Each structure stands twice: as structure tokens, then as C-alpha cells.
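Undergrad: Below is a structure I'd like to ask you about.
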Amino acid sequence: MAFLAKPKNALLLLLAAYCVARYRVALIFDNPVFGWRPTDMASIALNYARGSMSFLHPQVSWGGSGPGYVEMEFPLVPYLTAILFKLFGFHEGLSLVVPLLSGFLLVWFTYLIGRRWFGALEGLCAGLLVAVVPPFVMLTVTGMWADPPSVLATTAGLYYAYEWSESGRHRSLIAAAALLSLGALLKLTALHVGLPVAYLLWRRLRGDVLKAPQTWLLGLGILLPNVAWYYYSYRVGVESGNTFGILAGGTMKFGSKSLYEDPAFYLNALRRIALYHLTPVGTFGFVYGMRRLIAEPAPRNLFLLSWLASVLVYSGVAAHGVHGGHYHYLLPFLPVAALVVGVGGAWLLRAAGPWLTRFAQRLGAPAAALSALFVVGTAANVAWSTDRFFRRDRHIDSTMWQQKKVTGMLVKKLTRPGALIIVVDVQNRVKEKSMSPPDVFYFGDRKGWYEAVHWLTWESIESLRGQGAEYLIVSGQSVEDFREHQPRVYESLKQTYTSVLDDETGIVFDLRGHGGGKT
Numbered sequence: 001m002a003f004l005a006k007p008k009n010a011l012l013l014l015l016a017a018y019c020v021a022r023y024r025v026a027l028i029f030d031n032p033v034f035g036w037r038p039t040d041m042a043s044i045a046l047n048y049a050r051g052s053m054s055f056l057h058p059q060v061s062w063g064g065s066g067p068g069y070v071e072m073e074f075p076l077v078p079y080l081t082a083i084l085f086k087l088f089g090f091h092e093g094l095s096l097v098v099p100l101l102s103g104f105l106l107v108w109f110t111y112l113i114g115r116r117w118f119g120a121l122e123g124l125c126a127g128l129l130v131a132v133v134p135p136f137v138m139l140t141v142t143g144m145w146a147d148p149p150s151v152l153a154t155t156a157g158l159y160y161a162y163e164w165s166e167s168g169r170h171r172s173l174i175a176a177a178a179l180l181s182l183g184a185l186l187k188l189t190a191l192h193v194g195l196p197v198a199y200l201l202w203r204r205l206r207g208d209v210l211k212a213p214q215t216w217l218l219g220l221g222i223l224l225p226n227v228a229w230y231y232y233s234y235r236v237g238v239e240s241g242n243t244f245g246i247l248a249g250g251t252m253k254f255g256s257k258s259l260y261e262d263p264a265f266y267l268n269a270l271r272r273i274a275l276y277h278l279t280p281v282g283t284f285g286f287v288y289g290m291r292r293l294i295a296e297p298a299p300r301n302l303f304l305l306s307w308l309a310s311v312l313v314y315s316g317v318a319a320h321g322v323h324g325g326h327y328h329y330l331l332p333f334l335p336v337a338a339l340v341v342g343v344g345g346a347w348l349l350r351a352a353g354p355w356l357t358r359f360a361q362r363l364g365a366p367a368a369a370l371s372a373l374f375v376v377g378t379a380a381n382v383a384w385s386t387d388r389f390f391r392r393d394r395h396i397d398s399t400m401w402q403q404k405k406v407t408g409m410l411v412k413k414l415t416r417p418g419a420l421i422i423v424v425d426v427q428n429r430v431k432e433k434s435m436s437p438p439d440v441f442y443f444g445d446r447k448g449w450y451e452a453v454h455w456l457t458w459e460s461i462e463s464l465r466g467q468g469a470e471y472l473i474v475s476g477q478s479v480e481d482f483r484e485h486q487p488r489v490y491e492s493l494k495q496t497y498t499s500v501l502d503d504e505t506g507i508v509f510d511l512r513g514h515g516g517g518k519t
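Numbering (the working numbering), first residue to last: 1 to 519.
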């Protein structure tokens with residue numbers, strides 16, 4: 001234990017665990033950018049790098065013939081990646097730099113919080129859990145997601161807010177306001193931390209909480225930058241018609257009365273948390289950690305419980321998103337839950353230490369052998385959880401993403417460079433609340449329009465053709481649905497335009513002339 005008590009040694013162990021977990025998972029994918037949000041963010045970074053690098057004008061590739069300005073969260077991550085593209089050229093691996101760095105910083109910050117509040121062993125257990133859980137691994141090896149840097153900023157902000165509640169130092173309060181504001185700028189849902197922040201303000205100021213300047217400094221410091229950015233971003237979305245659904249389509253993720261009354265919602269959420277966000281061994285530590293925190297009402301324990309409560313409230317508000325398999329929605333749960341696991345895991349290890357020593361002496365087995373067995377068992381727990389996560393829970397999405405990637409790569413090969421395209425996909429049914437799947441646009445390196453199978457019409461195709469669309473693309477996973485639900489449109493396209501591709505990998509029609517038939 002003395003060896004691991006030194007921060008430098010803990011750093012090396014955490015870094016090793018972090019890298020090993022990601023190396024294994026990275027081998028599953030044949031591309032460093034994979035999935036809906038990562039391809040959107042990569043496209044924005046590319047458009048920054050190829051354009052004027054105007055921070056206030058993030059551009060998507062599905063904005064039609066216009067510039068593609070979009071309503072979105074604070075685009076810091078794609079902008080930083082665009083700078084890397086400018087410096088080193090376009091290499092897809094550069095899209096992982098910010099996610100991997102912010103991911104490890106979250107591991108390290110969780111360790112530091114656990115070490116400072118509870119002890120070195122607690123911090124190490126918490127940091128190791130964050131480093132290896134499957135959902136967080138995936139969020140750092142498949143490209144840019146808004147969640148890891150947002151959760152990092154929020155976790156660091158809460159740490160400084162707690163430090164201010166103990167010391168009263170102004171610099172801690174300013175750091176807390178800046179970091180918590182950044183966390184919400186990167187992901188608006190980070191405002192759920194209002195509950196633990198309110199507890200800390202009350203703890204420090206008591207009856208003067210509403211009159212104290214510190215309350216207003218912290219509150220306005222968090223909220224004003226967010227009000228300014230999201231109002232500006234909303235206006236961009238109104239003018240361009242392009243949105244990430246921050247203030248509109250995002251309501252589709254909210255819970256409903258029927259969902260709250262469905263036991264399957266709670267059982268499914270608990271299953272995912274226990275198997276993936278904590279892993280089975282971590283879940284055991286979490287239960288004991290909660291027992292320890294509740295039994296001792298110290299300020300740090302009450303703060304941790306209020307932080308955990310805020311995440312549960314947020315998860316309930318975004319219940320449809322959580323229930324629908326958006327595993328990244330539960331990422332805010334990870335650092336606070338890991339700290340609880342650290343408390344419980346460290347207590348169990350200390351309690352079991354003397355018993356294991358006596359057990360080893362009776363068996364004649366060296367303590368080193370039992371320690372090695374414990375390490376192997378813990379590693380096997382993580383490996384099993386990771387394998388199940390990717391082969392079962394993420395299999396359908398991964399297969400769909402792969403099919404769209406294949407279609408995109410064919411589009412890049414078969415269509416004219418710089419051509420505007422129409423991408424047809426089965427995702428989204430309600431046009432007014434839809435967001436555009438960006439995968440084919442990104443891998444095809446083309447811009448254009450998105451049309452869902454369910455609302456596509458011959459008139460809409462001809463209208464977009466009049467606006468400059470040169471090709472119509474049906475993504476690979478949507479081919480059968482397109483043929484089944486749009487037989488008349490499909491036949492009209494075959495009779496009117498040249499078919500460039502028509503098989504299970506996708507459909508491509510050249511809209512530049514009439515003629516029908518295949519080339």
C-alpha cells in the first residue's frame with residue numbers, strides 16, 4: 001500500500017490501466033471516428049480547418065447548398081481538433097487527441113478528489129474504475145463526443161466549489177464558476193449540478209446565502225455565459241434551419257408518465273449501470289460505499305450524496321434518452337459513483353486484508369499469489385463487462401454505423417468531388433423533430449441534404465435537384481426499407497436517372513441527367 005500511496009506511482013498505474021483498456025477496444029473498430037455524434041463533430045472540425053476558422057460559425061455537412069451554420073453546444077472540442085488539422089494535416093487519429101486527454105484527466109481528477117477527501121486507496125480505486133469501464137472507454141476511442149470534456153469540467157468545478165466551501169478562497173470560487181460554466185457550455189445538461197452547488201452555498205453561508213455576493217458571483221458566473229451562447233446558437237439555428245436539437249429536438253429525450261410507471265425502465269437502467277457503468281465488482285463496492293457514506297453524515301459525504309442525487313434527477317428528466325440506449329447520457333454518473341465505489345472498495349480491502357493474510361498462512365500460499373489472483377479476477381471482471389457491452393448492447397448500433405460508413409466510402413469513390421448529395425436513411429420519422437445522421441456525409445466527404453425514408457417524396461427530390469443536388473444516396477442499412485416503403489419513388493428513380501450503385505451496400509442515383517438504366 002505504501003508504494004501506491006505515492007501520487008507518481010498511482011499516476012503510472014492509472015495510465016497503464018487507461019491505455020490497456022483502450023488498446024483492446026480500439027482493435028474492435030477499423031476507424032478512429034465511428035458513430036453519429038463523432039462523425040458530426042469531425043465534419044465540423046474539417047469545415048473549420050478548410051474554412052475561415054471562425055469560432056462562432058460551426059458548420060455541418062448536411063446543411064444543403066448553404067454554409068451549414070448550426071445550432072449546437074459550445075464547439076470548443078471540434079475547434080481544438082481543427083487547429084490540430086491545420087498544424088499536422090487531416091489525419092483521423094487527431095480526432096482522438098482531445099477525447100483521450102480529457103478522458104485521462106477525468107481519471108486523474110477523480111483519483112485526486114478521492115485521495116484528498118478520503119485517502120490514497122479510495123482515490124486509486126475510484127480512478128481505476130473510471131479508467132476501465134466500457135462506456136467511458138468507447139466515448140474516448142470512437143472520436144469526439146461532448147460528454148467526456150463536459151463531465152471533466154463539471155467534476156473539476158465541483159472540486160473547487162467544495163474547496164471554496166471549506167476555505168473561502170476567492171480563487172477557488174472563480175475556478176469553480178469558470179469550470180462549471182464550461183461544463184454546461186459543452187453539454188447543457190451539466191446544469192444538473194445546481195443541487196450540490198446549492199448545498200455548498202448553504203454550507204458556507206447558511207442564512208445569508210441569498211444575500212451573499214459569493215452566491216451571485218457563482219450563480220451568474222455559471223449561467224450568464226450559457227445564456228449568451230445558447231441564445232446566440234438558437235438564433236443561428238432559426239436562421240439556418242440546422243440544429244443539434246439542443247433547445248428543440250432534445251425534448252424527445254424527456255421522460256413521460258407512462259415511462260415512469262414502467263418497471264422495465266428502472267430494471268433496464270439498473271442493469272446497464274451495474275454491468276457497464278460500474279461493472280459487477282464495482283457494483284459490489286458501490287453498495288458498501290453507500291452504506292459507509294449514509295452511516296457517517298460528514299460534510300464531504302453529504303456533498304457526495306447531493307451530487308449523486310443531482311445525477312439521478314437529471315437521468316429521470318432525460319428518461320427516454322436513457323431508456324433508448326444513449327449510454328453517454330449516464331456518463332455524469334461515473335465520477336461520483338466511482339468515488340462511492342472507492343469508499344466501499346477501500347473499506348472492503350482493508351477489512352479483508354488481515355483475513356486474507358491469515359488465510360494465506362493456513363494454506364501456505366504467499367500473499368503475492370493471492371494479490372495476483374485478485375488482480376486477475378478484477379481484470380477478468382472488466383474484460384467480461386467490456387465484451388458483453390460491445391457484443392450485446394452495442395452490436396446493433398455498431399453494425400448500423402459500419403454499414404453507413406461503407407456507403408459513405410463508396411459515395412466518395414463513385415460521385416464527383418464537391419458534389420451536393422441527398423442522403424436517404426431510415427433514422428427519424430417526425431420531420432419537425434429530426435436531426436440529420438451525418439455518417440454518409442462525413443465518410444463520403446460530401447455536403448447536401450438529409451431526407452428520411454418515411455417523408456421522402458418525388459417532389460422533394462426534384463426540388464432539391466433544382467437547388468443543386470447531383471446524387472441521391474440510400475445508406476446501406478436503409479436499402480430494404482427504402483425499397484419496401486418507397487416502391488414508386490424507387491421505380492421512378494430507376495426509370496428517370498442513371499443507377500450508379502444498387503445493392504446491399506447502398507443505392508446511388510446520378511441526378512445530373514435523364515436516361516435510366518445502369519452505367
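Just so it is clear, CB atoms sit at the ideal spot from N, CA and C, and this is done for glycine as well.
Remember, it's a predicted structure, so these values are computed and weren't measured experimentally.
Could you check the C-alpha separation between MET290 and LEU87 for me, to the nearest Å?
TA: Sequence index remark: in the sequence shown, residue 290 carries index 290 (1-based). Sequence index remark: in the sequence shown, residue 87 carries index 87 (1-based). In a straight line, the C-alpha of MET290 is about 48 Å away from that of LEU87.
Undergrad: Taking all protein chains shown into account, decide if PHE254 is buried (16 or more other Cβ within 10 angstroms of its Cβ) or exposed.
TA: The residue labelled residue 254 in the question sits at position 254 within the sequence shown. Exposed, by the Cβ-count rule.
Undergrad: Bridge partners of ALA452, per DSSP?
TA: Residue numbering aside, residue 452 sits at position 452 when the sequence shown is read from its first letter. Paired residues: ASP425.
Undergrad: Ordered along the chain, which non-local residues of its own chain (more than five positions away) have a Cβ less than 7 Å from that of THR519?
TA: Taking the first residue of the sequence shown as position 1, residue 519 is located at position 519. For THR519, the pLDDT reaches just 45, beneath the cut-off of 50, and the residue's location in the model is therefore unreliable, leaving the point undetermined.
Undergrad: What would DSSP say about ILE246, mapped onto helix, strand or coil?
TA: Locating residue 246 in the sequence shown gives position 246, counting from the first residue. If DSSP states are grouped into helix, strand and coil, ILE246 belongs with coil.
Undergrad: Measuring CB atoms only, is the segment 57-64 touching the segment 93-106, in the sense that at least three cross pairs come out at less than 8 Å?
TA: Result no; under three Cβ-Cβ pairs closer than 8 Å.
Undergrad: Using beta-carbon positions only, say whether VAL411 and VAL474 come within less than 8 Å of one another.
TA: By one-based count along the sequence shown, residue 411 stands at place 411. By one-based count along the sequence shown, residue 474 stands at place 474. No, the Cβ-Cβ distance between VAL411 and VAL474 is not below 8 Å.
Undergrad: Using only the alpha-carbon positions, how far apart do ARG204 and THR39 sit?
TA: Sequence index remark: in the sequence shown, residue 204 carries index 204 (1-based). Sequence index remark: in the sequence shown, residue 39 carries index 39 (1-based). Roughly 44 Å separates the two Cα atoms.
Undergrad: Mark THR386 as exposed unless 16 or more other C-beta atoms lie within 10 angstroms of its C-beta, in which case mark it buried.
TA: Within the sequence shown, residue 386 is the residue found at index 386, counting from 1. Answer is buried; the Cβ neighbour count reaches 16.
Undergrad: What is the DSSP secondary structure of LYS447, counted as helix, strand or coil?
TA: Sequence index remark: in the sequence shown, residue 447 carries index 447 (1-based). Strand at LYS447.
Undergrad: VAL238 to LEU210, Cα distance in whole Å?
TA: On the sequence shown, residue 238 is found 238 positions in, with the first residue counted as 1. On the sequence shown, residue 210 is found 210 positions in, with the first residue counted as 1. One C-alpha to the other measures close to 36 Å.
Undergrad: Have a look at the DSSP bridge pairing and note the partners of ILE294.
TA: The sequence position of residue 294 within the sequence shown is 294, counting from 1. Note: ILE294 sits in no beta bridge, so no partner.
Undergrad: By the 10 Å Cβ neighbour count, where 16 or more other Cβ atoms means buried, how is ARG74 classified, buried or exposed?
TA: Locating residue 74 in the sequence shown gives position 74, where the first residue counts as 1. A quick correction: the sequence has Phe, not Arg, at residue 74. Buried.
Undergrad: Rounded to the nearest angstrom, what separates ALA383 and GLN402 at their Cα positions?
TA: Here residue 383 refers to the residue found at position 383 of the sequence shown. Here residue 402 refers to the residue found at position 402 of the sequence shown. Using only the alpha carbons, I get a separation of about 23 Å.
Undergrad: Is the Cβ-Cβ distance between GLU470 and ILE421 less than 8 Å?
TA: If you number the sequence shown from 1, residue 470 lands on position 470. If you number the sequence shown from 1, residue 421 lands on position 421. Yes. Within cutoff.
Undergrad: Grouping DSSP H, G and I as helix and E and B as strand, with all else coil, what is THR519?
TA: For the purposes of this step, residue 519 is identified with residue 519 of the sequence shown, where counting begins at 1. With a pLDDT of 45 at THR519, under the threshold of 50, the predicted position of this residue should be treated as unreliable, though the coordinate-derived value follows. Here THR519 sits in coil by DSSP.
Undergrad: Span of the alpha helix (DSSP H) holding ILE396?
TA: Stepping through the sequence shown from its first residue, residue 396 is reached at position 396. Per DSSP, ILE396 belongs to the alpha helix (DSSP H) from 395-414.
Undergrad: Buried or exposed for ILE294, please, with buried defined as at least 16 other CB atoms from any protein chain shown within 10 angstroms of its CB.
TA: Working through the sequence shown from its first residue, we reach residue 294 at position 294. When all chains shown are included, ILE294 counts as exposed.
Undergrad: Whole angstroms is fine: what's the gap from GLU163's alpha carbon to PRO263's?
TA: Residue mapping note: residue 163 aligns to position 163 of the sequence shown, counting from 1. Residue mapping note: residue 263 aligns to position 263 of the sequence shown, counting from 1. Each residue's Cα considered, the two are about 40 Å apart.
Undergrad: Pull up the CB-CB distance for LEU121 and LEU349, whole angstroms please, since I reckon it's below 8 Å.
TA: Within the sequence shown, numbered from 1, the residue matching residue 121 stands at position 121. Within the sequence shown, numbered from 1, the residue matching residue 349 stands at position 349. That pair is a contact at about 7 Å.
Undergrad: What separation, rounded to the nearest whole angstrom, lies between the Cα atoms of ALA153 and ASP208?
TA: Position 153 of the sequence shown, counted from the first residue, corresponds to residue 153. Position 208 of the sequence shown, counted from the first residue, corresponds to residue 208. About 28 Å.
Undergrad: Report the option in GLY68, VAL132, ASN47, TYR111 whose CA atom is closest to the CA atom of LEU80.
TA: The residue labelled residue 80 in the question sits at position 80 within the sequence shown. For the residues GLY68, VAL132, ASN47, TYR111, the minimum Cα distance to LEU80 belongs to ASN47.
Undergrad: Helix, strand or coil for ILE507 per DSSP?
TA: The sequence position of residue 507 within the sequence shown is 507, counting from 1. Strand.
Undergrad: Note the first and the last residue of the continuous beta strand (DSSP E) segment covering LEU472.
TA: In the sequence shown, residue 472 corresponds to position 472, counting from 1. Counting along the chain, the beta strand (DSSP E) containing LEU472 begins and ends at 469-475.
Undergrad: HIS320 to ALA452, Cα distance in whole Å?
TA: Reading the sequence shown from its first residue, position 320 is the one you call residue 320. Reading the sequence shown from its first residue, position 452 is the one you call residue 452. So the two alpha carbons sit approximately 22 Å from each other.
Undergrad: Who are the near neighbours of PHE389 in its chain, counting only those whose CB is closer than 6 Å to its CB and skipping five residues on each side?
TA: Residue 389 sits at position 389 when you count from the first residue of the sequence shown. Within the same chain, PHE389 has close Cβ partners PRO134, TYR276.
Undergrad: LEU278 by DSSP, collapsed to three states: which one?
TA: On the sequence shown, position 278 is the one that residue 278 refers to. In the structure shown, LEU278 sits in coil (DSSP, three-state: anything other than H, G, I, E or B).
Undergrad: When burial is assigned at 16 or more other CB atoms within 10 Å of the CB, is GLY110 buried or exposed?
TA: Walking along the sequence shown from the start, residue 110 turns up at place 110. Correcting the residue identity first, residue 110 is Thr in this sequence and not Gly. Buried, by the Cβ-count rule.
Undergrad: TYR497 by DSSP, collapsed to three states: which one?
TA: For this step, residue 497 is matched to residue 497 along the sequence shown. In this structure, TYR497 counts as coil in the three-state DSSP scheme.
Undergrad: Compute the Euclidean distance between the alpha carbons of PRO7 and LEU112, then round it to the nearest angstrom.
TA: Numbered from its first residue, the sequence shown carries residue 7 at position 7. Numbered from its first residue, the sequence shown carries residue 112 at position 112. Near 9 Å, if we compare the C-alpha coordinates of LEU112 and PRO7.
Undergrad: Helix, strand or coil for LEU210 per DSSP?
TA: In the sequence shown, residue 210 corresponds to position 210, counting from 1. Reduced to three states, the DSSP call for LEU210 is coil.
Undergrad: According to DSSP, which residues form a beta bridge with GLN59?
TA: Counting from one through the sequence shown, the residue named residue 59 turns up at place 59. In the DSSP output, where bridge partners are listed per residue, GLN59 has TYR69.
Undergrad: Taking the alpha-carbon positions, what's the TYR159 to LEU339 distance?
TA: In the sequence shown, counting from the first residue as 1, residue 159 sits at position 159. In the sequence shown, counting from the first residue as 1, residue 339 sits at position 339. One C-alpha to the other measures close to 12 Å.
Undergrad: Going by beta-carbon coordinates alone, are LEU493 and LEU464 separated by less than 8 Å?
TA: On the sequence shown, position 493 is the one that residue 493 refers to. On the sequence shown, position 464 is the one that residue 464 refers to. No, they are not a contact pair.
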